[in-house]
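Below is one structure, written out as structure tokens; the observations come after it.
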Amino acid sequence: MLPESIAIVCAPSKDPDWGVFRLTDPPGLKVVSNCTQTGLFHPHTVSNLYTDGLRPGHVFEAQGLEFETVDLRPEQKVSNSPACPGIVKVRPLSPRSRIPPGSDVFEVFANVRADKDLSDEEAFLKLLTTYDVPLSSLSRIYAGKLEASFSNITYQQVAPYVWLSPSAAGRDMQPLDVFRARIPKDMFREITRDVEDALTQYGPLDSHDNEETRSRFISSSTIVNKPEGLLGGEFTNKGRIKHHFIAVDSVSTVFMEVKEILTVSKSGLDIKGQVLAECAACEYANLKGGHWVPILAILCDGDNFEFFVYDSVDRLIYSSGRIPGIIFKERGDKLDLLISMKRTTEYLFDWFVMAYVNGIRSLGYRSRVRSGLSSEKWTAAIASAEKAHCLLREAAQTARDGKFDEAERMASDGVDPLKLSVSELPYQQPYERELESLWDGSKCLEEAFNDPNIFH
Numbered sequence: 314m315l316p317e318s319i320a321i322v323c324a325p326s327k328d329p330d331w332g333v334f335r336l337t338d339p340p341g342l343k344v345v346s347n348c349t350q351t352g353l354f355h356p357h358t359v360s361n362l363y364t365d366g367l368r369p370g371h372v373f374e375a376q377g378l379e380f381e382t383v384d385l386r387p388e389q390k391v392s393n394s395p396a397c398p399g400i401v402k403v404r405p406l407s408p409r410s411r412i413p414p415g416s417d418v419f420e421v422f423a424n425v426r427a428d429k430d431l432s433d434e435e436a437f438l439k440l441l442t443t444y445d446v447p448l449s450s451l452s453r454i455y456a457g458k459l460e461a462s463f464s465n466i467t468y469q470q471v472a473p474y475v476w477l478s479p480s481a482a483g484r485d486m487q488p489l490d491v492f493r494a495r496i497p498k499d500m501f502r503e504i505t506r507d508v509e510d511a512l513t514q515y516g517p518l519d520s521h522d523n524e525e526t527r528s529r530f531i532s533s534s535t536i537v538n539k540p541e542g543l544l545g546g547e548f549t550n551k552g553r554i555k556h557h558f559i560a561v562d563s564v565s566t567v568f569m570e571v572k573e574i575l576t577v578s579k580s581g582l583d584i585k586g587q588v589l590a591e592c593a594a595c596e597y598a599n600l601k602g603g604h605w606v607p608i609l610a611i612l613c614d615g616d617n618f619e620f621f622v623y624d625s626v627d628r629l630i631y632s633s634g635r636i637p638g639i640i641f642k643e644r645g646d647k648l649d650l651l652i653s654m655k656r657t658t659e660y661l662f663d664w665f666v667m668a669y670v671n672g673i674r675s676l677g678y679r680s681r682v683r684s685g686l687s688s689e690k691w692t693a694a695i696a697s698a699e700k701a702h703c704l705l706r707e708a709a710q711t712a713r714d715g716k717f718d719e720a721e722r723m724a725s726d727g728v729d730p731l732k733l734s735v736s737e738l739p740y741q742q743p744y745e746r747e748l749e750s751l752w753d754g755s756k757c758l759e760e761a762f763n764d765p766n767i768f769h
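Our numbering runs 313 ahead of the 1-based position in the sequence shown.
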């Protein structure tokens, strides 16, 4: 640190609202240079650490001087990983066949199935990997006009289409590390209130034998989702609940919940195959939309989670193995439920932050390719999201080290750039105004708007 280094501080609520300061020498320069404390803000026991830098100091104001700003800070982002690779990969050129003139998708589907004596599910995957088929046509197949459903497919049938060996029984999946992103205590309090509301509405978690009810309990309390199959599948299908999550225009995440008995029995491998088949369908939808992101998948059996990454460019599948989830069996004080909720929601928070980062990077890349222009707004949105992810990850590790006050500060500091990233997106939101902003609640709704139609 140089003795002439300065800090320009802006404080719009103060008068004066800005100032220039430098460290004293001694004692400020030595004290700050040797400081080993962490965190953005912390006190020192030594006084007289800084003084004014403006005259009578060594800094003065002048008009018209040229200057260059260089940011010497290390880039704040999490290291690249299979789930968040830091780039938009380019798919290898592999032209797909078009449906022959005079034929429809049903005829092609039947021919593909009959050619190699495939099941409906294998034929559907073959159709995805061989032909250029509109999503609307695939929906007609998947919605039930033909009996194709990924809930019927086996791992042996799926594996060849997702670059795995049927005989390896999943052992050729690549290992995957998963992490937590710390949720600040105020946000987690909101989650616990949502869970209390769900307990009141649905009853104790361990009494939920119905997958649809338990799935709504979990997803309504922790994540926002679109609870239907990408290609028009049913919400409930043979003990399985599927959700597809769209992050900034690209289908980024598959969430599947199944009965625990399905994952511990010999059909557990088939369930993983069905998750990967859903990933293949999502990848095709992104291809048709001009996007590439790694598909992030989550398999939940109510007690445990397994995370997957589907990378269509490197043609690799990654798996985390089983990760402990929410503990449903209550001990009266519900402490086990509360602690496991914190752990689980932070794993999911990290997963969905990565999906968001991947989504904005893909949409920014597509916008650049199509328009030929680089958008500073996309760059700013990505940088803010990556900074947020880094702070939230570091906050989780800081909490593991027992530094809870510091972890809370870091987590709160991480949420702010995440919100900033959303506001920086040059992306048309579904609504121009939030419902809450339409009505401040100072008057009843009828009086505030004086609209006679409100009574009809």
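A virtual CB, placed ideally from N, CA and C, is assigned to each residue, including glycine.
Just so you know, these numbers come straight off a predicted model, no measurement behind them.
DSSP-derived helix/strand/coil call for residue i
i    : result
L733 : helix
M569 : strand
Y376 : Here the sequence assigns Gln to residue 376, which means Tyr is not the residue at that position. Coil, per DSSP.
I320 : A small correction: the amino acid at residue 320 is Ala; Ile does not occupy that position in the sequence shown. In the structure shown, A320 sits in a strand (DSSP, three-state: E or B).
A610 : strand
F492 : coil
P637 : strand
W605 : coil
L315 : coil
V368 : In the sequence as displayed, the identity of residue 368 is Arg instead of Val. The answer is coil: DSSP assigns R368 none of H, G, I, E or B.
T549 : At T549 the pLDDT is 38, less than 50, meaning the model places this residue with poor confidence; the figure from the coordinates comes in the next sentence. The answer is strand: DSSP assigns T549 an E or B state.
E619 : strand
Q587 : helix
Q470 : helix
Q350 : coil
Q710 : helix
N671 : helix
K429 : coil
S326 : coil
P356 : coil
S478 : coil
V682 : helix
T658 : helix
K402 : coil
V391 : coil
K700 : helix
G715 : coil
S755 : coil
T692 : helix
A396 : coil
S416 : coil
S580 : coil
K647 : coil
Among the options, nearest to residue i - alpha-carbon criterion
i    : options                   : result
S625 : S750, R426, W752 and E596 : E596
A694 : K716, L315 and V666       : V666
F373 : V359, F334 and I636       : F334
K655 : G727, A724 and I496       : I496
R484 : I400, P405 and G586       : G586
S416 : V446, T442, N393 and L438 : V446
T351 : D753, R722 and W752       : R722
M486 : S432, L582 and P325       : L582
L600 : T442, V471 and D616       : T442
S565 : A598, S580 and I584       : A598
W664 : K327, C703 and L676       : C703
D726 : R706, P739 and E737       : R706
P413 : S653, A720 and Y444       : Y444
G677 : T467, F419 and V401       : V401
C592 : T337, W476, H355 and F419 : W476
E719 : P479, M314 and K498       : K498
P316 : D616, W752, Y363 and K690 : Y363
A594 : S755, E435, K716 and W691 : E435
I652 : G715, A375 and F501       : F501
L342 : H357, P329 and D328       : H357
One or two residues paired with residue i in a DSSP bridge
i    : result
Y444 : S410
D624 : L629
V333 : I321
Y363 : L336
Q487 : Y631
Does the segment 373 to 383 come into contact with the segment 648 to 668, if we say contact requires no fewer than three beta-carbon pairs (one atom in each stretch) closer than 8 Å? no
Are at least three pairs of beta-carbons, each pair with one atom in the segment 626 to 633 and one in the segment 411 to 430, less than 8 Å apart? no
Does the pairing of the segment 669 to 677 with the segment 498 to 508 give three or more beta-carbon distances under 8 Å? no
Within the chosen definition, does the segment 324 to 334 reach the segment 363 to 373 through at least 3 CB pairs nearer than 8 Å? In short, these stretches touch, since the Cβ pair count reaches three.
Tell me whether the segment 722 to 733 and the segment 697 to 711 touch, counting them as touching only if at least three CB pairs, one residue from each stretch, are closer than 8 Å. At 8 Å Cβ cutoff, the stretches touch.
Tell me, please, whether the segment 487 to 494 touches the segment 599 to 607 by the rule of three or more beta-carbon pairs shorter than 8 Å. no
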